[in-house]
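Novice: Here's a structure for you.
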Amino acid sequence: PGDKQFHWEQRGVPFRIEVGPRDVEGGAMVVKKRLDRSKEVVKLADISADWLRDKLEAVQAEMFEKAKAFRDANTHSAGSYDELKSILKDKGGFVRCFFQPDAEAEKKIKEETKATVRCLPFDAQGKTGTCVFSGKEGAPEAIFAVAY
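One rule links them: number in our numbering = place in the sequence shown (from 1) + 3.
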């Protein structure tokens, strides 16, 4: 059964429902979550479409919070081009900095760091500063990262 279980875990199935002969006799089943590997015994009488919807929504919320925490832990800020290069080399992840969009500048940054602009964040709209590459004022904030 290990291969079958791994097959579904690999595809991102959020939890597995196990029903064995003893579970049927006892009127229960086991729900095993993929994220934390916890097991929960659930009575078959307690299962409904609402129960399943609630389980899926809880897993979705947990995965979303985990992804946000990972993103936040791996997002750094740079105030200069040297700092941008240093962070990308030593820490990786995402780097927020002010950058005046310019194809040639981005090409040079990519050649030196392998990073490109991933996005101009919504939470920085209207916020401007000094471009880390050109030194020009009025640059929007951008997020750089290396694509893998």
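Ideal Cβ placement from N, Cα and C applies to all residues, glycine included. Note that this is a predicted model, so its numbers are computed, not measured.
By how many angstroms is the C-alpha of G95 removed from the C-alpha of T119?
Specialist: 13 Å
Novice: Count the C-beta pairs between the region 139–149 and the region 97–111 that are closer than 8 Å, then say yes if the count reaches three, no if not.
Specialist: yes
Novice: Can you tell me which residues form a DSSP beta bridge with P143?
Specialist: T131
Novice: In chain order, what residues of the same chain have a beta carbon less than 7 Å from the beta carbon of V44, not counting five sequence neighbours either side?
Specialist: A31, V33
Novice: Which partner residues does H79 have in the DSSP bridge list?
Specialist: V98
Novice: DSSP on I20, reduced to helix/strand/coil?
Specialist: strand
Novice: Please return the same chain residues whose Cβ sits closer than 6 Å to the Cβ of I20, not counting the five positions on each side in sequence.
Specialist: M32, V34
Novice: Just how far apart, CA to CA, sit E114 and H79?
Specialist: 21 Å
Novice: Based on Cα-Cα distance, which residue from R121, K36, T133, M66 lies nearest to F9?
Specialist: K36
Novice: Can D111 and V149 be called in contact, C-beta distance under 7 Å?
Specialist: According to the sequence shown, residue 111 is Lys rather than Asp. In this structure, V149 does not lie closer than 7 Å to K111 by Cβ.
Novice: Considering only the beta carbon of each residue, do Y84 and V135 sit closer than 7 Å?
Specialist: Yes, the Cβ-Cβ distance between Y84 and V135 is below 7 Å.
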